[in-house]
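Since the structure comes first, as C-alpha coordinates, the remarks are kept for the end.
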(Lines of atoms letter the chains of each structure in order from A; the text may use other names.)
(Lines give C-alpha, C1' and ligand atoms only; values in the text may rest on other atoms or scores of the structure.)
Protein backbone atom coordinates (compact mmCIF):
# COMPACT_ATOMS: atom_id res chain seq x y z
CA UNK A 6 0.00 0.00 0.00
CA UNK A 7 1.36 3.46 -0.84
CA UNK A 8 2.74 5.48 2.08
CA UNK A 9 0.12 8.21 1.55
CA UNK A 10 -2.69 5.81 2.51
CA UNK A 11 -0.74 4.24 5.39
CA UNK A 12 -0.73 7.58 7.19
CA UNK A 13 -4.50 8.10 6.81
CA UNK A 14 -6.40 6.65 9.84
CA UNK A 15 -9.69 6.44 7.89
CA UNK A 16 -8.10 4.45 5.05
CA UNK A 17 -6.48 2.07 7.55
CA UNK A 18 -9.79 1.47 9.42
CA UNK A 19 -11.63 0.96 6.13
CA UNK A 20 -9.04 -1.54 4.89
CA UNK A 21 -9.13 -3.36 8.27
CA UNK A 22 -12.90 -3.71 7.88
CA UNK A 23 -12.44 -5.13 4.38
CA UNK A 24 -9.84 -7.53 5.74
CA UNK A 25 -12.34 -8.85 8.31
CA UNK A 26 -14.94 -9.41 5.57
CA UNK A 27 -12.65 -10.85 2.89
CA UNK A 28 -10.30 -12.99 5.03
CA UNK A 29 -12.71 -15.96 5.41
CA UNK A 30 -13.43 -15.94 1.67
CA UNK A 31 -9.76 -15.87 0.77
CA UNK A 32 -9.00 -18.61 3.29
CA UNK A 33 -11.73 -20.82 1.80
CA UNK A 34 -10.46 -20.23 -1.73
CA UNK A 35 -6.89 -21.03 -0.67
CA UNK A 36 -8.06 -24.36 0.79
CA UNK A 37 -10.66 -25.18 -1.88
CA UNK A 38 -8.96 -28.38 -3.08
CA UNK A 39 -9.15 -29.77 0.47
CA UNK A 40 -12.93 -29.44 0.40
CA UNK A 41 -13.11 -31.95 -2.48
CA UNK A 42 -10.72 -34.47 -0.93
CA UNK A 43 -12.61 -36.90 1.37
CA UNK A 44 -9.60 -37.16 3.69
CA UNK A 45 -9.53 -33.41 4.44
CA UNK A 46 -13.07 -32.13 3.84
CA UNK A 47 -14.89 -30.69 6.86
CA UNK A 48 -17.43 -33.03 8.48
CA UNK A 49 -20.44 -30.91 7.46
CA UNK A 50 -19.23 -30.90 3.85
CA UNK A 51 -19.03 -34.72 3.56
CA UNK A 52 -22.79 -35.30 3.12
CA UNK A 53 -22.96 -32.69 0.39
CA UNK A 54 -19.93 -34.22 -1.31
CA UNK A 55 -21.55 -37.67 -1.02
CA UNK A 56 -24.51 -36.38 -3.02
CA UNK A 57 -22.12 -35.48 -5.84
CA UNK A 58 -20.83 -39.04 -6.16
CA UNK A 59 -24.11 -40.84 -5.46
CA UNK A 60 -23.13 -42.39 -2.12
CA UNK A 61 -25.41 -42.44 0.90
CA UNK A 62 -23.65 -41.72 4.18
CA UNK A 63 -25.24 -41.57 7.60
CA UNK A 64 -24.53 -38.62 9.88
CA UNK A 65 -24.29 -41.09 12.81
CA UNK A 66 -21.32 -42.92 11.28
CA UNK A 67 -17.82 -42.35 12.57
CA UNK A 68 -16.01 -39.74 10.51
CA UNK A 69 -13.45 -42.19 9.14
CA UNK A 70 -16.19 -44.51 7.82
CA UNK A 71 -17.80 -41.59 5.96
CA UNK A 72 -14.44 -40.58 4.51
CA UNK A 73 -13.73 -44.17 3.39
CA UNK A 74 -17.13 -44.47 1.71
CA UNK A 75 -16.48 -41.27 -0.25
CA UNK A 76 -12.95 -42.28 -1.18
CA UNK A 77 -14.19 -45.64 -2.51
CA UNK A 78 -17.23 -44.23 -4.35
CA UNK A 79 -15.85 -44.58 -7.87
CA UNK A 80 -14.66 -48.13 -7.26
CA UNK A 81 -18.03 -49.04 -5.71
CA UNK A 82 -19.89 -47.68 -8.74
CA UNK A 83 -17.60 -49.65 -11.05
CA UNK A 84 -18.45 -52.88 -9.20
CA UNK A 85 -22.14 -52.08 -8.76
CA UNK A 86 -24.42 -55.08 -9.32
CA UNK A 87 -21.69 -57.65 -8.60
CA UNK A 88 -21.13 -59.80 -5.53
CA UNK A 89 -17.71 -58.21 -4.93
CA UNK A 90 -19.20 -54.72 -5.19
CA UNK A 91 -22.04 -55.55 -2.79
CA UNK A 92 -19.58 -57.12 -0.33
CA UNK A 93 -17.32 -54.05 -0.40
CA UNK A 94 -20.31 -51.72 0.00
CA UNK A 95 -21.75 -53.62 2.98
CA UNK A 96 -18.33 -53.83 4.66
CA UNK A 97 -17.81 -50.08 4.31
CA UNK A 98 -21.32 -49.33 5.57
CA UNK A 99 -21.09 -51.57 8.64
CA UNK A 100 -17.39 -51.68 9.45
CA UNK A 101 -17.72 -55.47 9.64
CA UNK A 102 -17.09 -58.48 7.42
CA UNK A 103 -19.68 -59.60 4.87
CA UNK A 104 -20.23 -63.11 3.56
CA UNK A 105 -22.45 -63.26 0.48
CA UNK A 106 -23.74 -66.40 -1.19
CA UNK A 107 -25.73 -66.40 -4.41
CA UNK A 108 -27.43 -69.25 -6.22
CA UNK A 109 -26.50 -68.26 -9.74
CA UNK A 110 -24.08 -70.06 -11.96
CA UNK A 111 -22.24 -69.79 -15.22
CA UNK A 112 -21.74 -72.72 -17.59
CA UNK A 113 -21.67 -73.56 -21.24
CA UNK A 114 -23.31 -76.35 -23.11
CA UNK A 115 -21.31 -79.11 -24.70
CA UNK A 116 -24.46 -80.75 -26.01
CA UNK A 117 -28.02 -79.60 -26.76
CA UNK A 118 -30.67 -79.75 -24.05
CA UNK A 119 -28.25 -79.57 -21.11
CA UNK A 120 -29.80 -78.34 -17.83
CA UNK A 121 -29.30 -74.67 -16.99
CA UNK A 122 -27.00 -73.85 -14.04
CA UNK A 123 -28.30 -72.37 -10.82
CA UNK A 124 -31.95 -71.96 -9.86
CA UNK A 125 -34.86 -70.21 -11.55
CA UNK A 126 -35.15 -67.46 -8.91
CA UNK A 127 -31.95 -65.51 -8.23
CA UNK A 128 -31.29 -65.08 -4.50
CA UNK A 129 -28.66 -63.63 -2.19
CA UNK A 130 -27.87 -64.62 1.37
CA UNK A 131 -25.93 -61.84 3.11
CA UNK A 132 -24.36 -62.46 6.51
CA UNK A 133 -22.60 -59.52 8.15
CA UNK A 134 -20.32 -60.02 11.13
CA UNK A 135 -19.89 -56.76 13.08
CA UNK A 136 -17.97 -55.95 16.27
CA UNK A 137 -20.88 -53.97 17.78
CA UNK A 138 -24.39 -55.12 16.91
CA UNK A 139 -26.00 -52.03 18.48
CA UNK A 140 -24.09 -49.71 16.12
CA UNK A 141 -25.77 -51.13 13.00
CA UNK A 142 -29.25 -50.01 11.97
CA UNK A 143 -30.50 -53.16 10.25
CA UNK A 144 -33.49 -51.46 8.56
CA UNK A 145 -31.24 -48.81 6.99
CA UNK A 146 -28.70 -51.46 5.96
CA UNK A 147 -31.49 -53.52 4.35
CA UNK A 148 -32.67 -50.49 2.36
CA UNK A 149 -29.12 -49.78 1.20
CA UNK A 150 -28.66 -53.41 0.13
CA UNK A 151 -31.93 -53.20 -1.84
CA UNK A 152 -30.60 -50.14 -3.65
CA UNK A 153 -27.18 -51.71 -4.35
CA UNK A 154 -28.21 -55.14 -5.63
CA UNK A 155 -29.95 -55.90 -8.94
CA UNK A 156 -33.68 -55.22 -8.58
CA UNK A 157 -34.84 -58.70 -9.65
CA UNK A 158 -32.74 -60.50 -7.03
CA UNK A 159 -34.35 -61.32 -3.67
CA UNK A 160 -32.13 -61.24 -0.60
CA UNK A 161 -31.95 -62.28 3.02
CA UNK A 162 -29.89 -60.19 5.44
CA UNK A 163 -28.45 -61.48 8.70
CA UNK A 164 -26.36 -59.31 11.03
CA UNK A 165 -24.48 -61.06 13.84
CA UNK A 166 -21.99 -59.97 16.46
CA UNK A 167 -18.38 -61.15 16.30
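Residue numbers (the numbering used here): 6 to 167. We treat Cβ as the ideally placed atom computed from N, Cα and C, and that holds for glycine. It should be emphasised that the depicted structure is a prediction, and the values quoted were computed from it without experimental measurement.
Minimum Cα-Cα distance from residue 155 among the listed residues 50, 101, 88 corresponds to 88. Under the 10 Å beta carbon count, residue 27 is surrounded by fewer than 16 other beta carbons and is classified as exposed. Approximately 5 angstroms separates the beta-carbon atoms of residue 167 and residue 136; this is inside 8 angstroms, confirming the contact. Shown here for residue 134: same chain residues with a beta carbon closer than 7 angstroms to its own, the five before and five after excluded, namely 101, 102, 165, 167 in chain order. With contacts defined by Cβ atoms closer than 8 angstroms, residue 81 and residue 90 form a contacting pair.
Taking each of 86, 37, 40, 113 in turn and checking the Cα distance to residue 158, the smallest one comes out for 86. According to DSSP, residue pairing for residue 102 in a beta bridge involves 134. Leaving aside the five residues that flank residue 39 on each side, the residues in its chain whose CB is nearer than 6 angstroms to its CB run, in chain order, 45. Considered as a whole, the stretch 6 to 44 harbours no complete run of any beta strand (DSSP E) with no fewer than 3 residues. Under the criterion of beta carbons closer than 8 angstroms, residue 51 and residue 31 do not qualify as touching, at roughly 23 angstroms. Under the DSSP assignment, residue 80 falls in the alpha helix (DSSP H) whose first and last residues are 78 to 83. Residue environment analysis places residue 145 among the exposed positions, since fewer than 16 neighbouring C-beta atoms fall within 10 angstroms of its C-beta.
Ranking 41, 125, 95 by CA distance to the CA of residue 148 puts 95 first.
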